[in-house]
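Structure first, then comments.
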Amino acid sequence: MPTKLTRRVMLGLALAAPMLLAGTVQSDAKELRVLAWQGYADDDWVKEFETESGATVKVVFIGTDDEIWAKIKGSEGQDFDLFAVNTAQLQRYIDAGLTTAYDLDKLPNQKEVLERFRDLSKVEGVMRDGKVYAIPYAFDSIGIIYDKDKVNPPPDTMDVLWDSKYQGKVLAYDNGEHNFSFTALTLGIADPFHLSADDMVKVKDKLIALKANVLSFYTTPDEALQLYKDNDVALIWANYGQQQVKAMLDAGANIGYVNAKEGALAWLDTWAMTSGVQDKDLAEAWVNFVIQKKISQQLSERTGFGNSAVETGSAGAGDKLVWLQFVEDPTKRSDLWNEIKTAP
Amino acid sequence: MLLTSQKRRGASGLLLPLIAYGLPLFFIVAPFAGFLLYSSFRVEAGVMHYDLTLFNYRRFFVDAIFIPVMLKTCLLCLGVALLTVLFGYPVAFLLASLRGRLRYALLILVLVPLLMSYVIKIYAIRNILGGNGLLNKALLWLGLIDEPLKFFVFNLNAVLLALTVLLIPFAVLPIFLSLERIPRNLLEASVDLGASRLQTFARIILPMSLPGVISALTFVFVLAIGDFLTPQMVGGQSGFTFGRIIYSQFGTAFNWPFGAALSAILALVVIPVIALGASFDRSRSRA
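Printed below as a string of structure tokens:
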């Protein structure tokens with residue numbers, strides 16, 4: 000009920016907006032409705048932004064990608080002003096006309112972000128037809144964890160996972176989709192997310208070859224850590240990136256983390272504005288606020304993820320990151336993955 | 000009492016059958032029917048087609064990977080069943096030969112692991128069997144081996160071993176019950192007639208406990224063949240089983256129809272095994 004009431008109030012305010020804009024804007028009238036993952040809109044940041052802008056910020060946290068879609072699509076973009084979404088998922092929101100393009104002049108802090116995020120035309124997926132639909136915020140790479148005592152010098156290529164020196168000492172992740180993508184990168188295939196039938200065969204053979212080196216396929220960070228503790232493990236394909244690194248360091252492991260030169264798969268979460276954004280300036284002010292260096296630094300300290308403004312362990316300045324996209328056919332990849340696992 | 004129940008027959012006469020037939024119909028038959036229906040749908044290029052076909056069932060026979068994995072899995076589970084009986088029988092025998100309180104105290108001790116989480120037990124087993132695990136450390140310390148053995152972890156042996164350890168209580172219980180049911184006077188008669196202990200065991204105890212053994216075999220086989228967690232956790236890159244294939248259809252592949260079809264095929268394997276166990280039980284009670 001309260002939401003319905005506010006919506007009606009907001010509708011009234013929206014109708015009265017031209018009048019309000021002409022006169023002095025009442026500070027308590029502004030409200031920003033944010034849909035985000037835990038850790039993306041912490042209380043202290045919200046308070047600071049509220050003081051700065053005079054608006055109230057209402058944050059709703061989500062738990063899954065599907066939940067975001069249900070909430071944004073369900074209200075045709077009317078229930079929220081901003082939402083956090085990864086670049087792979089973002090595409091269907093743009094397709095469905097559920098987003099509003101940014102005015103980069105309103106985001107001065109975007110000029111201060113890390114080199115790799117500064118020119119948005121070079122960030123796969125955030126622009127469409129010359130317009131910016133999403134601002135990079137948090138990311139993490141899927142690199143390689145190596146045991147410093149066993150792998151020396153540090154590896155710089157994904158081929159190390161196939162090195163017979165490490166036979167039975169490699170932990171891989173139990174997921175066909177990602178394994179096909181990273182192996183395609185290793186083979187130098189330009190688009191690892193849309194493989195031709197020929198490339199599929201090549202990647203499959205390469206993954207069968209990888210099996211000889213693999214001790215076990217893991218599914219959770221905890222499981223990988225336990226496997227590492229109880230066995231002679233030299234290399235881990237780190238699906239959970241920095242989260243996994245932190246857990247292992249906390250457990251006292253002497254490990255390092257690299258993104259190989261072939262490129263590391265990585266996810267990228269962004270801020271997107273809904274088609275129903277009520278106060279565009281306010282929404283842009285929020286995004287500009289959270290991509291400042293101080294907040295970005297705190298974001299990484301608290302979540303362990305990389306951010307767009309300050310360098311972190313997720314990626315060095317020169318590391319090549321390949322932002323995850325939807326793959327051509329997940330079912331097909333999963334079937335082939337089963338075939339790989341049954342291969343002798 | 001009899002009179003009142005007759006009086007109320009009108010209402011309860013309808014209600015009771017409704018509950019008696021309705022609940023299983025609603026909670027067992029209907030989901031199973033839905034499940035079979037699902038197995039006739041088809042997913043192609045990530046899109047579900049709601050037409051009724053035998054496409055998924057055909058695929059099981061046509062694709063080269065499924066039948067070998069199925070056979071391998073059956074063999075594995077047969078091995079597990081035989082091992083649990085081999086280890087479970089002496090335990091059950093010992094328990095049955097004990098008297099009074101001690102017998103049930105020890106029985107409960109055997110069954111305690113069933114109260115613990117399955118996943119934790121697998122973690123513990125992995126901890127024991129791992130390259131740097133307890134077993135290898137002990138063998139190294141004793142000087143029996145020079146470097147950690149990899150023979151019993153992250154392969155099919157490990158799955159066999161882990162499933163055996165996990166499922167032994169399910170073998171002990173039915174065997175214990177069948178041993179317990181053997182009348183003592185038969186054993187006494189056997190001794191009185193001059194049979195040795197071994198003869199008594201071979202001619203009286205073993206045959207009479209056979210239905211328990213068959214129950215144990217079926218129990219364990221059915222539980223083992225449906226398991227998808229153990230192969231994932233200790234199977235490494237070679238311990239891939241049929242349960243894993245079914246599991247994968249519901250996860251990343253998002254191919255529920257094919258997963259349902261594979262499960263139906265698995266049921267076709269399991270049902271005769273259960274029927275076999277049940278027929279032994281019947282023939283015994285008739286005799």
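Going line by line, the protein sequences match chains G and U.
Under numbering that gives the first Met the number 0, think of the first position of the first sequence as 0, with each following residue one higher.
Under numbering that gives the first Met the number 0, think of the first position of the second sequence as 0, with each following residue one higher.
C-beta: ideal position from N, C-alpha, C; glycine also.
Can the beta-carbon of ILE213 of chain U be found less than 9 angstroms from the beta-carbon of LEU186 of chain U?
For ILE213 of chain U and LEU186 of chain U, no; Cβs fall outside 9 angstroms.
Every unbroken beta strand (DSSP E) inside the stretch 256-322 of chain G [3 residues or more]
Those beta strand (DSSP E) runs which fall completely within the stretch 256-322 of chain G and span 3+ residues are 263-273, 320-322.
Just to confirm, are ILE235 of chain G and ILE143 of chain G a CB contact at a threshold of 9 angstroms?
Pairing ILE235 of chain G with ILE143 of chain G gives a Cβ-Cβ distance under 9 angstroms.
Report the option in G:PHE325, G:ASP334, G:ASP155 whose CA atom is closest to the CA atom of TYR256 of chain G.
Check the Cα spacing between TYR256 of chain G and each of G:PHE325, G:ASP334, G:ASP155: the tightest is with G:ASP155.
Which value, in whole angstroms, describes the spacing of the CA atoms of ARG332 of chain G and ASN254 of chain U?
Looking at the backbone, the Cα of ARG332 of chain G and that of ASN254 of chain U are separated by about 12 angstroms.
How about LYS121 of chain G and ARG115 of chain G: do their beta carbons lie closer than 9 angstroms?
Yes, Cβ-Cβ distance for LYS121 of chain G and ARG115 of chain G is below 9 angstroms.
For TYR92 of chain G, tell me which candidate among G:ASN108, G:LYS105, G:TRP68, G:LEU81 has the shortest Cα-Cα distance.
Each of G:ASN108, G:LYS105, G:TRP68, G:LEU81 was checked against the Cα of TYR92 of chain G, and the nearest Cα belongs to G:TRP68.
Do the CB positions of VAL109 of chain U and ILE167 of chain U come within less than 9 angstroms of each other?
For VAL109 of chain U and ILE167 of chain U, yes; Cβs fall inside 9 angstroms.
Since I believe PHE241 of chain U is in contact with LEU265 of chain U (beta carbons under 8 angstroms), could you give me their beta-carbon distance rounded to a whole number of angstroms?
About 7 angstroms separates the two Cβ atoms, so the contact holds.
Is LYS120 of chain U close to chain G, meaning its C-beta is less than 9 angstroms from at least one C-beta of that chain?
For LYS120 of chain U, the answer is no, since every Cβ of chain G falls outside 9 angstroms of its Cβ.
Tell me whether the beta-carbon of LEU81 of chain G lies closer than 9 angstroms to the beta-carbon of LEU103 of chain G.
No. Outside cutoff.
Name the residue from U:PHE92, U:GLN236, U:ILE127 whose alpha carbon lies nearest to the alpha carbon of SER208 of chain U.
For SER208 of chain U, the nearest C-alpha among the options comes from U:PHE92.
Under the three-state reduction of DSSP, which class applies to ASP139 of chain G: helix, strand or coil?
Strand.
I'd like to confirm the pairing. Which residues does DSSP put opposite ALA131 of chain G in its beta bridges?
For clarity, residue 131 of chain G is Val in the given sequence; the question names Ala instead. DSSP, once it has assigned bridges, lists G:MET126 as partnering VAL131 of chain G.
Strand pairing of TRP36 of chain G, partner residues [DSSP]
TRP36 of chain G has G:ILE61 as its beta-bridge partners, per DSSP.
On a CA-only basis, which of G:TRP44, G:ALA35, G:ALA40, G:VAL56 is nearest ASP278 of chain G? Give me that one, please.
If you compare the alpha carbons of G:TRP44, G:ALA35, G:ALA40, G:VAL56 with that of ASP278 of chain G, the shortest gap goes to G:VAL56.
Does DSSP put ASN85 of chain G in a helix, a strand or coil?
The three-state secondary structure of ASN85 of chain G, taken from DSSP, is strand.
Enumerate in chain order the residues of its own chain whose CB-to-CB distance from ARG32 of chain G is below 6 angstroms, with the five nearest sequence positions on each side excluded.
Setting aside the 5 residues that flank it on each side, ARG32 of chain G is surrounded in the same chain by LYS57, PHE79, ASP80, each with a C-beta closer than 6 angstroms to its C-beta; the list follows chain order.
Below-9 angstroms beta-carbon distance, LEU234 of chain G vs any chain U residue:
No, no contact with chain U.
Using a Cβ-Cβ cut-off of less than 7 angstroms, list which residues of the stretch 320-340 of chain G approach chain U; keep chain order.
Within the stretch 320-340 of chain G, the residues whose Cβ lies closer than 7 angstroms to some Cβ of chain U are ASP328, PRO329, THR330, SER333, ASP334, ASN337, GLU338, LYS340, listed in chain order.
TRP36 of chain G to LEU298 of chain G, Cα distance in whole Å?
Computed Cα separation, rounded: 12 angstroms.
Can you pull the chain U neighbours of ALA214 of chain G, defined as C-beta to C-beta under 9 angstroms?
First, the residue type needs correcting, since residue 214 of chain G is Leu and not Ala in the sequence shown. Counting only Cβ-Cβ distances below 9 angstroms, LEU214 of chain G has contacts in chain U at GLY130, LYS149, VAL152, PHE153, GLY235, GLN236, in chain order.
Go through the stretch 190-256 of chain U residue by residue and report every complete run of the alpha helix (DSSP H) that reaches 4 residues or more, in order.
Listed in chain order, the complete alpha helix (DSSP H) runs (minimum 4 residues) inside the stretch 190-256 of chain U are 196-199, 205-224, 228-233, 241-249.
Pick out the complete alpha helix (DSSP H) segments inside the stretch 150-208 of chain G, 4 residues or longer, and give them in chain order.
With a minimum length of 4 residues, the continuous alpha helix (DSSP H) runs that stay inside the stretch 150-208 of chain G are 175-185.
For PRO254 of chain G, the three-state DSSP class (helix, strand or coil):
It should be pointed out that residue 254 of chain G corresponds to Ile in this sequence rather than to Pro. Strand, per DSSP.
Check whether the Cβ of LEU82 of chain U lies closer than 8 angstroms to any heavy atom of the ligand NAD, and answer yes or no.
In terms of ligand content, the structure shown is empty, and the ligand NAD therefore cannot be addressed.
Counting C-beta neighbours from all protein chains within 10 Å, is the total for ASN55 of chain U 16 or more, i.e. buried, or is it exposed?
Residue burial is scored here from C-beta neighbours: ASN55 of chain U has at least 16 other C-beta atoms within 10 angstroms and is therefore classed as buried.
Could one say the Cβ of ASN253 of chain G lies closer than 9 angstroms to chain U's Cβ atoms, at least one of them?
Not one chain U Cβ lies under 9 angstroms of ASN253 of chain G.
For THR219 of chain G, which three-state DSSP category applies?
Coil.
Between ALA183 of chain G and the rest of its own chain, which residues show a CB-CB distance below 7 angstroms, the 5 nearest in sequence each way excluded?
Once the five neighbours on either side are set aside, the close Cβ partners of ALA183 of chain G are PRO191, LEU194, ASP198, VAL202.
Under 8 angstroms by Cβ, that's how I've got ASP268 of chain G and ALA137 of chain G pegged, so tell me the actual separation to the nearest angstrom.
Cβ atoms of ASP268 of chain G and ALA137 of chain G come within 8 angstroms of each other, at about 5 angstroms.
In its own chain, which residues sit with a C-beta less than 7 angstroms from the C-beta of ALA15 of chain G, not counting the 5 before and 5 after it?
Confidence at ALA15 of chain G is low in this model, with a pLDDT of 48, below 50, so its placement is unreliable and no value can be given for it.
Positions along the stretch 39-58 of chain U whose CB lies within less than 9 angstroms of some CB in chain G:
Taking 9 angstroms as the Cβ-Cβ cut-off against chain G, the residues of the stretch 39-58 of chain U that qualify are VAL42, GLU43, ALA44, GLY45.
Check the DSSP bridge columns for THR99 of chain G and list the partner residues they point to.
When beta bridges are read from the DSSP output, THR99 of chain G appears opposite G:MET272.
CA-CA distance, LYS292 of chain G and GLU66 of chain G?
Distance between the alpha carbons of LYS292 of chain G and GLU66 of chain G: 29 angstroms.
If you compare alpha carbons, which of G:LYS46, G:SER74, G:ALA87 is closest to ASP64 of chain G?
The residue with the shortest Cα to Cα distance from ASP64 of chain G is G:ALA87.
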